[in-house]
Amino acid sequence: MAKLASDALVGEAELTPKPGLVDRRGSGAHTDMDLDMLHAAIESLHLPFVECATAAMELGMGADLRATLGEIGRAGEARMLEATGGVNTHRGALWALGLLCAGAALAGDAVTNAARLARTADPAVTPAQSPSHGELARRRYRVGGAVGQAQNGFPAVHRYALPMLSATRAEGGTEDTARVDALLALIAHVDDTCVLHRDGWAGLRAIQSAASATLTAGGYRTPAGRIRFTELDDLCLRRRISPGGSADLLAVTLFLDELADRKSAECTP
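Start counting the sequence shown at 1; every next residue gets the next number (UniProt numbering).
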């Protein structure tokens with residue numbers, strides 16, 4: 001499971017192009033991170049993912065597991081920040097994929113298990129602790145954010161990203177094109193707290209509209225779609241907004257897609 005999670009993060013990081021996000025072209029709307037930094041952060045998170053799965057196998061579902069996952073997550077975040085020189089590159093991804101690593105290591109459905117764990121309170125978290133930018137945006141704009149997505153079983157991934165991934169593949173698109181379209185589907189529908197933190201509702205609605213227009217034009221596999229994509233990318237750079245929450249959910253999408261493929265292969269006689 002840990003390798004699956006790390007591979008999903010590498011797949012998201014390497015995917016090019018991505019609007020406003022770090023990719024092989026450059027740093028996007030960011031001034032504090034690049035692709036090498038993302039790879040260093042991902043490498044630092046492999047051990048926490050292993051620990052999440054191991055804890056689930058040892059403790060089983062329940063409050064003790066949730067408390068242990070919280071401890072692993074905080075230690076993992078410290079490892080990530082050490083690897084990046086203090087830059088938060090993957091806090092949301094660590095939360096989502098850590099839960100899924102644990103969920104997949106338990107009996108039953110990985111997403112259902114992850115959602116149940118996400119809804120279980122972490123006893124070490126108190127209101128007095130300093131909230132992240134994402135948490136501040138979640139409270140200010142009254143959106144679900146990364147917490148809501150996990151608690152509800154990653155609805156945006158199941159409703160939009162995975163179907164788009166399959167549809168573009170079925171239409172003959174390359175794997176990278178299918179992944180870009182899946183990311184666009186997430187950007188078009190997710191109330192991304194990274195965008196809200198940087199540019200409020202105006203920025204979010206602008207980027208959602210531009211992503212929707214790209215898909216309506218045929219997605220990244222079509223010439224018209226690529227023109228719209230360029231407009232979306234320019235919008236992100238001009239407004240200095242980066243849909244990091246959608247990027248995290250793309251990593252979740254890739255994780256669940258590969259997990260489903262592996263389960264299907266196991267069931268094939």
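Even glycine gets a Cβ: it sits at the ideal position worked out from N, Cα and C.
Beta bridge counterpart(s) of Asp23 as assigned by DSSP: Gly26
DSSP three-state assignment for Arg142, whether helix, strand or coil: coil
Pairwise C-alpha distance: Ala5 and His46: 8 Å
Euclidean distance between Cα positions of residue 287 and Ile72: Lying outside 1 to 269, the shown extent of the chain, residue 287 is not represented and no answer is given.
Given Asp32 as reference, the closest of Val10, Gly86, Asp122, Glu12 once Cα atoms are compared: Gly86
Start-to-end residues for the alpha helix (DSSP H) that takes in Arg79: 63 to 84
Limits of the unbroken alpha helix (DSSP H) element including Ile187: 175 to 189
Status (buried if at least 16 other CB within 10 Å, exposed otherwise) for Gly62: exposed
First through last residue of the alpha helix (DSSP H) which encompasses Asp32: That residue, Asp32, is in no alpha helix (DSSP H); it is neither H nor E in DSSP.
Bounding residues of the alpha helix (DSSP H) (the contiguous stretch that carries Leu15): From DSSP, Leu15 is part of no alpha helix (DSSP H); its letter is neither H nor E.
Met37 classed as buried or exposed, judged by whether at least 16 other C-beta atoms fall within 10 angstroms: buried
Outcome for Pro243 when other beta-carbon atoms lying within 10 angstroms are tallied against a minimum of 16: buried
Collapsed DSSP secondary structure at Met57 in the structure displayed: helix
Closest residue to Val252 among Arg116, Tyr160, Arg66 (Cα-Cα distance): Tyr160
Cβ-Cβ distance between Leu184 and Thr216 below 8 Å: no
Phe154 in three-state terms, based on DSSP: coil
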